[in-house]
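A.B. asks: Structure in structure tokens, see below.
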Amino acid sequence: MAFRLGVDVGGTFTDLLLFNDTDGRFWRHKTPSTPHDSSEGILNGVNAICDKAGIAPSQVEFFLHGTTVATNAVLEGKGARVGLVTTEGYRQIMQIARSFVPGGLAGWIVWPKPEPLAALQDTFEITGRMDAEGRETAPIDEAQIRQVLTTLRDAGIQALTVSLINAYLNGAHEKRVGELAAEIMPDVPISLSHEVLPEMQEYERTLTTVANASMRPVVGKYVRNLRDKLRGAGMSGSLSLLRSDGGLMSSEKSELQPVNLLMSGPAGGVTGAIWVGRNAGIKNILTLDVGGTSTDVALIENLDARRQRSTEVAHLSVRASALDVKTVGAGGGSIAYVPELTKALRVGPQSAGAVPGPVAYQKGGTQPTVTDANVVLGYLPENLLGGTFKLDREGAKKAVQGIADALGIGLMEAARGIIDIVNENMFGALRMISVQQGYDPRDFALMGFGGAGPLHVNAVARLMGSWPAISPVSPGVLCALGDATTRMRTETARSFSRRVAETNEESVITLLSEMAEQTRAELRAEGIADADITSLFELDVRYEGQAFEVPLSIDPDTLRRDGLAGVTARFDAEHLRLFTFNMDSAHELVNLRAVAMGPALELPAPPLAKSDGNVARAKVRDHQLWAGGQMVPAVIYDRARLLAEDVIPGPAIVVEMDSTTLIEAGCVGTVDHVGNILIHLA
């Protein structure tokens with residue numbers, strides 16, 4: 001029997017999902033995260049879930065992991081000290097940057113520029129140059145390079161980036177600098193720009209490579225530590241990490257290119273939602289992943305998540321494929337407060353996290369959070385995680401009373417105000433990925449997951465007009481399910497930069513086929529059979545003179561059949577959808593990418609038994625909750641006892657091991673054939 005284990009480490013909880021590949025049975029487990037060293041929490045969870053399933057850790061064949069280590073390194077400014085070697089005349093490349101100023105008119109007056117990831121005193125120029133065709137116009141001087149590298153080594157840099165002008169066309173000079181660096185500073189990880197991002201636009205290429213270098217020591221240490229601990233626990237299977245674009249990469253590759261892990265955490269939820277959608281027969285989905293600290297939202301059209309060519313974390317924007325996920329600081333642990341100045345209620349982005357957590361968790365938290373407001377309103381019953389976890393409702397009331405007093409309103413109104421504000425924050429993020437990208441949210445279902453997603457999904461669906469609101473099976477560990485059901489993925493890129501009219505299909509397809517072979521070889525080296533590998537092409541297209549491109553993905557057969565005319569027609573349609581107009585200018589092909597993907601996992605969801613029409617069998621007890629300005633009677637149901645086609649009239653609460661689903665008054669929940677709860681307006 002083959003077992004695969006998906007592990008998702010969040011700010012508050014570490015979620016695990018163990019899958020038996022042969023019969024589709026699964027076990028799930030949640031354990032508190034250990035922020036000082038995540039591998040501790042992971043090992044606790046691995047041992048606990050293997051005990052549950054009655055197997056030894058050595059029987060786990062695939063360990064699949066979504067992590068926020070790279071993201072947190074950027075957010076907390078804990079990246080390594082990076083040395084940068086660049087071409088003569090380009091020393092200030094990181095300081096000049098792109099002239100982007102955030103915010104309104106006042107932005108440029110008061111905006112402090114973020115500190116570049118490679119400091120000016122750690123940036124050195126070298127002679128030698130390639131021209132725009134990739135031909136050498138000036139040779140490099142090895143004596144000078146040795147001197148520069150020795151200076152950087154003695155200055156104590158922890159990672160090195162080499163980014164030379166036009167290296168994306170010919171990386172020979174960079175390669176030589178890398179060879180000398182390996183000799184002079186053997187312990188320092190080296191990132192070469194033509195390997196990390198072989199695309200034009202030297203600032204983006206340099207920034208992405210520097211970001212990669214700054215994360216390498218942090219991510220490398222984390223991955224090696226985790227691998228050693230798992231090997232120590234007897235796990236000999238393969239260890240893979242989730243990439244920002246929703247694919248998998250081996251742990252060894254992730255040590256070399258951690259820049260592809262920046263959105264690893266949120267990507268798990270999106271791939272999990274696609275799996276649920278496929279089994280439930282729902283193709284268009286907006287995702288609402290509510291954790292303890294933040295909420296991630298994404299758009300899935302025709303069971304394919306929108307991807308983008310840049311990954312953004314705080315002020316850093318790097319050129320690496322990622323799922324188009326927007327994050328807001330609104331989660332179960334988000335702290336509510338009333339500023340002295342405005343006397344207006346605010347929620348987040350500060351979070352009580354795993355330590356000390358919400359007041360109701362009785363772990364030393366004192367500030368009122370979203371979770372506390374849910375407890376006060378009766379949306380979160382006192383018994384959680386199957387009764388192993390008692391919530392302190394009195395403590396939560398006391399904390400929220402502080403907000404009520406500051407606003408001069410009643411306790412329940414204050415608690416409901418906290419929930420309304422956090423729902424509006426989630427609504428704002430969802431508008432960014434739907435309405436602002438030319439999609440009508442009424443054409444999509446809204447899926448809520450993460451620990452707190454199903455509590456809010458009904459209310460947010462009302463705001464969006466997106467029905468049904470879906471509470472998937474085991475929503476609390478859906479990210480871990482996504483990690484467990486995703487496929488290997490790798491990609492390579494090249495700049496092409498020619499007018500479509502001045503090139504022909506043959507030369508484009510020849511180049512793409514070469515790149516496809518390179519990516520397939522990478523996956524074959526990971527032990528995947530060639531017959532199981534799927535290739536995809538991506539083309540970045542723009543109108544001549546534009547400064548940005550629209551990425552289009554296409555499979556090789558369609559490209560051969562419809563040719564470049566098919567590509568430009570698709571570009572025009574996409575441009576019209578995004579910007580509401582088209583231009584008469586010539587089309588330009590900017591970048592080409594080849595993507596290789598491993599086999600997709602055909603894991604069916606086990607079907608539920610049919611309902612006998614009597615939902616009372618799942619009733620736990622009667623309950624009171626706040627709705628429409630008063631306490632009203634409601635019913636609490638146990639999700640484990642629900643059957644297919646059961647109908648649950650709101651207001652009702654459905655409890656399970658890892659989450660709680662709220663069905664509001666005026667709505668009704670129906671259980672589908674695999675156990676998802678679909679909520680509609682009554």
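Sequential numbering from 1 applies to the sequence shown in the UniProt record's numbering.
Idealized CB from N, CA, C, for every residue including glycine.
1) Taking the beta carbon of Leu316 as the centre, do at least 16 other beta carbons fall within 10 Å, making it buried, or is it exposed?
2) Mind checking which residues open and close the alpha helix (DSSP H) that includes Thr492?
3) Around the C-beta of Ile190, are 16 or more other C-beta atoms found within 10 angstroms, so that it is buried, or is it exposed?
4) Go ahead and label Phe581 buried or exposed: buried means 16 or more other beta carbons lie within 10 angstroms of its beta carbon, across all protein chains shown.
5) When the distance is taken between beta carbons, is Leu345 closer than 8 Å to Ile418?
6) Looking only at its chain, what residues have a beta carbon closer than 8 Å to the beta carbon of Arg146, apart from the 5 residues adjacent to it on each side?
7) Whose C-alpha, out of Ala56, Leu169, Thr287, Leu559, is nearest the C-alpha of Leu430?
8) From Ala172 to Phe444, what distance separates their C-alpha atoms?
9) Can you give me the C-alpha to C-alpha distance between Glu544 and Gly156, rounded to a whole angstrom?
10) Rounded to whole angstroms, what is the Cα-Cα separation between Phe571 and Leu552?
11) Run through the DSSP bridge pairs and tell me what Tyr543 is partnered with.
12) By the DSSP assignment, the beta strand (DSSP E) with Trp626 in it spans what residues?
13) Have a look at the DSSP bridge pairing and note the partners of Gln630.
14) Determine the closest residue to Arg129 out of Val162, Ala600, Ile140, Leu120, with distance taken between C-alpha atoms.
15) Checking 8 Å against the spacing of the C-beta atoms, do Arg98 and Glu199 come in under that value?
16) Would you report the Cα separation of Pro454 and Ser659, rounded to the nearest angstrom?
17) Hey, quick one: how far does the alpha helix (DSSP H) through Pro217 stretch, first residue to last?
18) Tell whether a beta-carbon distance below 8 Å holds between Val550 and His575.
19) Looking at Ala665: is its Cβ nearer than 8 Å to the Cβ of Val635?
20) Which stretch, first to last residue, makes up the beta strand (DSSP E) that contains Asn47?
21) Could you check where the beta strand (DSSP E) with Met426 kicks off and where it finishes?
22) Keeping to the same chain, check which residues put their C-beta closer than 6 Å to that of Asn225; ignore five residues upstream and five downstream.
23) Rounded to whole angstroms, what's the CA-CA distance from Pro599 to Gly89? Just pull it up for me.
24) Please classify Glu312: does DSSP put it in a helix, a strand, or coil?
25) Please state whether DSSP places Gly669 in a helix, a strand or coil.
26) Skipping 5 residues on each side, what residues in its chain have a beta carbon closer than 7 Å to that of Asn166?
27) Can you give me the C-alpha to C-alpha distance between Ser535 and Thr558, rounded to a whole angstrom?
28) Would you call the stretch 666-678 and the stretch 265-282 in contact, with 3 or more CB pairs under 8 Å?
29) Look at the alpha carbon of Pro116 and the alpha carbon of Asp296, and state the distance between them as a whole number of angstroms.
30) Round the Cβ separation of Gly292 and Gly348 to the nearest angstrom and send it over; I've been treating them as touching at under 8 Å.
31) Check this for me: beta carbons of Ala119 and Met215, under 8 Å apart or not?
32) Per DSSP, what kind of secondary structure is Arg442 in: helix, strand or coil?
33) Please work out which residues of its chain come closer than 6 Å, Cβ to Cβ, to Leu16, disregarding the five sequence neighbours upstream and downstream, and give them in chain order.
34) Would you kindly check if the distance between the Cβ of Leu608 and the Cβ of Ala644 is under 8 Å?
35) Counting along the chain, where does the alpha helix (DSSP H) carrying Phe124 start and finish?
36) Distance check for Gln630 and Leu377, CA to CA, integer angstroms please.
C.D. replies: This is what the structure holds:
1) buried
2) Thr492 -> not in any alpha helix (DSSP H); beta strand (DSSP E) instead, spanning 489-499.
3) buried
4) Flag for Phe581 reads exposed.
5) It is a contact, given that the beta carbons lie within the stated cut-off.
6) These residues qualify, in order along the chain: Leu180, Ile184.
7) It is Thr287 whose Cα lies nearest to the Cα of Leu430.
8) Spanning the two alpha carbons is a distance of roughly 49 Å.
9) When rounded, the distance between both Cα atoms is 45 Å.
10) 7 Å
11) Tyr543 has His587 as its beta-bridge partners, per DSSP.
12) 619-627
13) Ala627, per the DSSP bridge assignment.
14) Ile140
15) no
16) 7 Å
17) First-last of the alpha helix (DSSP H) with Pro217: 202-232.
18) yes
19) Cβ atoms of Ala665 and Val635: not closer than 8 Å.
20) Note, Asn47: premise wrong, no beta strand (DSSP E); alpha helix (DSSP H) at 38-53.
21) Here Met426 belongs to no beta strand (DSSP E); instead the alpha helix (DSSP H) covers 411-433.
22) Ser39
23) 47 Å
24) strand
25) Gly669 falls in the strand class under three-state DSSP.
26) Met130, Asp131, Ala132, Gly134
27) 12 Å
28) yes
29) 27 Å
30) Contact annotation, Gly292 with Gly348: C-beta distance approximately 11 Å; criterion of less than 8 Å not satisfied.
31) no
32) helix
33) Cβ neighbours of Leu16 beyond the five flanking positions: Val7, His29, Gly45, Ile49, Ala480.
34) yes
35) Careful: Phe124 lies outside any alpha helix (DSSP H), inside the beta strand (DSSP E) at 123-126.
36) 10 Å
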